[in-house]
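Taken in sequence, the protein lines are chains S and P.
Going by our numbering, the first sequence opens with residue 1, and the numbers climb by one from there.
Going by our numbering, the second sequence opens with residue 114, and the numbers climb by one from there.
Just so it is clear, CB atoms sit at the ideal spot from N, CA and C, and this is done for glycine as well.
Below is one structure, written out as structure tokens; comments come after it.
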Amino acid sequence: DTEVTQTPKHLVMGMTNKKSLKCEQHMGHRAMYWYKQKAKKPPELMFVYSYEKLSINESVPSRFSPECPNSSLLNLHLHALQPEDSALYLCASSQAGGRRPQHFGDGTRLSIL
Amino acid sequence: KNQVEQSPQSLIILEGKNCTLQCNYTVSPFSNLRWYKQDTGRGPVSLTIMTFSENTKSNGRYTATLDADTKQSSLHITASQLSDSASYICVVSRSNDYKLSFGAGTTVTVRA
């Protein structure tokens with residue numbers, strides 16, 4: 001079982017819906033990440049939180065809104081998504097500091113109708 | 114241009130056989146190199162991590178090598194099993210940088 005838990009595992013939503021992806025870890029990690037992965041492609045970094053503060057935003061469209069309520073939780077709020085946003089969304093966590101190994105969750109498979 | 118190149122893109126091997134995957138990188142300054150295994154529909158799972166001073170690391174039937182001078186790494190799978198069918202991703206980290214450089218992955222298919 002993965003130590004980074006993501007919910008839901010699958011999500012289908014319309015372009016006008018608002019939904020949220022959730023990620024939780026209890027390893028005491030102080031850095032958390034959101035990645036987007038298209039089929040047969042490597043993950044692409046979206047956001048990095050370090051000590052609950054947003055430290056990296058890879059020019060992600062505002063229809064994706066991250067939130068880090070505490071050191072164990074990371075959310076990704078979705079609104080007005082486009083069909084091309086359909087992908088596997090991965091959450092990861094690590095000890096603070098860029099060299100630390102990242103532990104990935106199993107992702108949320110998102111489909112936009 | 115991607116700073117991490119993997120080869121081959123895919124390969125098929127028979128159960129019980131060995132195989133070797135390659136990774137070349139240009140990322141600098143180098144901090145560490147990781148090999149991840151990603152099963153279909155799952156998140157990546159770390160197999161090995163090597164720093165500049167390490168030239169080999171094993172994890173069961175997986176053995177990774179690193180030549181930091183030539184900026185090359187390999188992942189050797191010994192006595193392959195059906196469960197080894199997955200995508201293997203080479204990931205390089207720069208010093209003190211949260212951003213990772215991912216290779217495109219090698220898809221391994223093990224057949225009985």
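Beta carbon of residue i nearer than 7 Å to that of residue j
i	j	result
Ser72/S	Glu3/S	no
Leu124/P	Val223/P	no
Tyr175/P	Val48/S	no
Ser94/S	Arg100/S	yes
Val117/P	Ser214/P	yes
Thr219/P	Leu146/P	no
Met46/S	Lys53/S	no
Lys131/S	Asn75/S	Outside the displayed range of chain S (1 to 113) lies residue 131/S, so it cannot be described from this structure.
Leu81/S	Phe104/S	no
Pro42/S	Ala217/P	yes
Limits of the unbroken beta strand (DSSP E) element including residue i
i	result
Asn145/P	Phe143 to Gln151
Met15/S	Looking at the DSSP string, Met15/S is not in any beta strand (DSSP E), and its letter there is neither H nor E.
His189/P	Gln185 to Ile190
Lys49/S	Looking at the sequence itself, residue 49/S is Tyr, so the reference to Lys does not match. Unbroken beta strand (DSSP E) run through Tyr49/S: Glu44 to Ser50.
Residues that DSSP places opposite residue i in a beta bridge
i	result
Val223/P	Ile126/P
Cys91/S	Trp34/S
Glu167/P	According to DSSP, Glu167/P bridges with nothing at all.
His77/S	Ser20/S and Ser65/S
Glu234/P	The structure shown does not extend to residue 234/P, since chain P is modelled only from 114 to 225, so the question has no answer here.
Asp180/P	Gln185/P
Contacting residues, own chain, Cβ-Cβ under 7 Å from residue i (five flanking each side not counted)
i	result
Leu127/P	Arg224
Ala199/P	Lys150, Gln151, Asp152 and Val221
Pro87/S	As written in the sequence, residue 87/S is Ala, which differs from the Pro given in the question. Excluding residues within five positions, the ones whose Cβ falls inside 7 Å are Lys36, Gln37, Lys38 and Leu110.
Chain-ordered chain P contacts of residue i [CB-CB under 7 Å]
i	result
Gly105/S	Gly156
Closer than 9 Å at the beta carbon, the chain S residues around residue i
i	result
Ile190/P	Going along chain S, no residue has its Cβ under 9 Å from Ile190/P, so there is no contact; the nearest lies around 20 Å.
Neighbourhood of residue i by C-beta distance below 6 Å, restricted to the same chain and skipping five residues each side
i	result
Gln185/P	Asn137
Asp85/S	Ile112
His77/S	Ser20 and Ser65
Chain-ordered neighbours of residue i on chain P, where CB pairs are closer than 9 Å
i	result
Pro8/S	Within chain P, no residue comes near Pro8/S; the closest Cβ sits about 14 Å away, beyond 9 Å.
Leu54/S	What Leu54/S touches in chain P: nothing, since even the nearest Cβ is about 12 Å away.
Beta-carbon contacts of residue i that lie in its chain and below 8 Å, excluding the five residues immediately before and after
i	result
Ser141/P	Arg207
Contact list for residue i against chain S, beta-carbon separation under 7 Å
i	result
Ser193/P	Per Cβ cutoff of 7 Å: no residues; Ser193/P is ~21 Å from chain S at best.
Ile162/P	Pro101
Ile202/P	Pro42
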